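Peer 1: Note that the sequence shown covers residues 1 to 312 in full-length UniProt numbering.
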Amino acid sequence: MMTNQFNLKIVIISYSDHQQTAINGLIDLFNLAEYACNSFKKIQVKVISNDHDFTNFLAKQDVIIIPPCMSGIHTPDNIGEIINFIRHHHSQQSIIAAICVGTFILAETGLLNGKEATTHWLYADTLKKKFPKIIVNKSKLLVDNETLITSGGIMSWVDIGLYIVEKFFGHHIMLKTTQFMNVDPPRDLQNQYMSFFPKLDHNDTAILKAQYWLMNADIHDINVKNLVIQSGLEERTFLRRFKKATKLLPKNYIQNFCIEYAKGLLETTDMPIEQISWNLGYANSSSFRKNFTKITCLTPRDYRNKYKIRSR
């Protein structure tokens with residue numbers, strides 16, 4: 001694999017409504033990786049999109065890449081041909097890499113059954129529901145199952161591209177490629193990019209009433225007791241129906257809501273972290289920091305340093 005004559009052959013599958021930026025960016029990334037190798041190694045990248053192309057590329061390829069889709073979860077018209085193409089190359093030990101919601105296309109092949117995978121955090125629960133045999137890990141930005149690689153986030157084509165470069169040409173060439181691109185090495189987690197989107201697509205009007213109250217309530221009034229009151233339900237009934245409707249316990253729902261509120265303050269104000277903690281009802285800032293870090297994988301200070309809106 002590491003000989004000077006090695007020719008890395010990559011095929012990118014183009015389908016309707018794919019993210020063209022990802023395809024163009026990957027081509028540029030692999031060109032830069034080849035340049036970083038001082039031309040001692042050649043990388044061939046081909047983009048295929050129709051049935052004729054699929055039949056022309058049945059010879060072994062090293063990597064098959066499924067790019068993201070611009071419209072969220074999408075099933076291409078020629079999904080049957082794509083599935084057969086992926087299965088064929090997987091049987092030849094090609095690496096199959098799916099980016100963002102491209103994981104859904106890979107999932108259709110059944111190759112991810114019983115394996116860990118990731119996708120964009122916003123669609124992770126949908127992936128889990130549609131393909132229950134897959135072990136979905138929405139915290140990870142990249143999951144490697146040797147010949148099956150999945151990533152989360154529409155811009156994670158950068159991470160997958162760099163990861164493939166490292167896998168075939170080593171850490172040094174990958175780092176040289178990042179330096180040419182002015183980007184960081186592949187990231188591990190996507191928790192810091194997640195936002196809390198409450199589940200409102202259920203039909204439980206009592207629970208919806210409590211949820212909508214929460215969105216407009218004074219932060220100091222937010223607790224489980226007041227949620228129960230706003231729902232008009234008996235407490236045990238509320239707890240059971242709230243979990244069924246939102247997929248979260250009320251205390252976890254409130255914790256996620258409050259952390260999202262804290263993220264907004266960290267992004268837009270200079271309010272001391274201790275004050276934010278106090279406003280959210282924490283007895284001490286250490287508990288707040290612990291919960292914040294658990295959810296975002298960043299300390300409040302690191303989150304502020306990275307995401308605070310600054311005047312230019």
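All C-beta atoms in this analysis are idealised placements derived from N, C-alpha and C, irrespective of residue type, glycine included. Remember, it's a predicted structure, so these values are computed and weren't measured experimentally.
Do Ile96 and Thr55 have their C-beta atoms within less than 8 Å of each other?
Peer 2: no
Peer 1: Can Asn191 and Ile295 be called in contact, C-beta distance under 8 Å?
Peer 2: yes
Peer 1: Determine the extent of the beta strand (DSSP E) in which Ile99 is found, giving its start and end residues.
Peer 2: Ile95 to Ile99
Peer 1: Going along the chain, which residues of its own chain have a beta-carbon closer than 8 Å to the beta-carbon of Leu142, five neighbours each way excluded?
Peer 2: Thr118, Ile149, Thr150, Ser151, Gly152, Ser156, Asp159, Ile160, Tyr163, Pro186, Arg187 and Asp188
Peer 1: Within the same chain, show all residues whose beta-carbon is closer than 8 Å to that of Asn4, passing over the 5 residues directly before and after it, in chain order.
Peer 2: Residue placement at Asn4 is poorly supported in this model, since its pLDDT is 46, which falls under 50; the coordinates still yield a value, given next. Here the set comprises Phe40 and Lys41.
Peer 1: What do you reckon, are the CB atoms on Gln44 and His89 nearer than 8 Å?
Peer 2: no
Peer 1: To the nearest angstrom, how far is it from the Cα of Met2 to the Cα of Ile66?
Peer 2: Low local confidence applies: a pLDDT of 44 at Met2 is under 50, so the model's placement there is unreliable, and no value is given.
Peer 1: Rank Val183, Ser16, Lys306 and His220 by C-alpha distance to the C-alpha of Met70 and give the top, closest one.
Peer 2: Residue Ser16 holds the alpha-carbon nearest to the alpha-carbon of Met70 among Val183, Ser16, Lys306 and His220.
Peer 1: Put Asp221 into one of helix, strand or coil per three-state DSSP.
Peer 2: helix
Peer 1: Starting from the C-beta of Arg310, find all residues in its chain whose C-beta is less than 8 Å away, skip the five residues before and the five after it, and write them out in chain order.
Peer 2: none
Peer 1: Shortest alpha-carbon distance to Leu32 belongs to which of Leu106, Ile173 and Phe85?
Peer 2: Ile173
Peer 1: Quick check on the burial criterion: 16 or more other C-beta atoms within 10 angstroms. Buried or exposed for Pro250?
Peer 2: Classification for Pro250: buried.
Peer 1: Return the bridge partner residues of Cys69 from the DSSP annotation.
Peer 2: Bridge partners of Cys69: His18.
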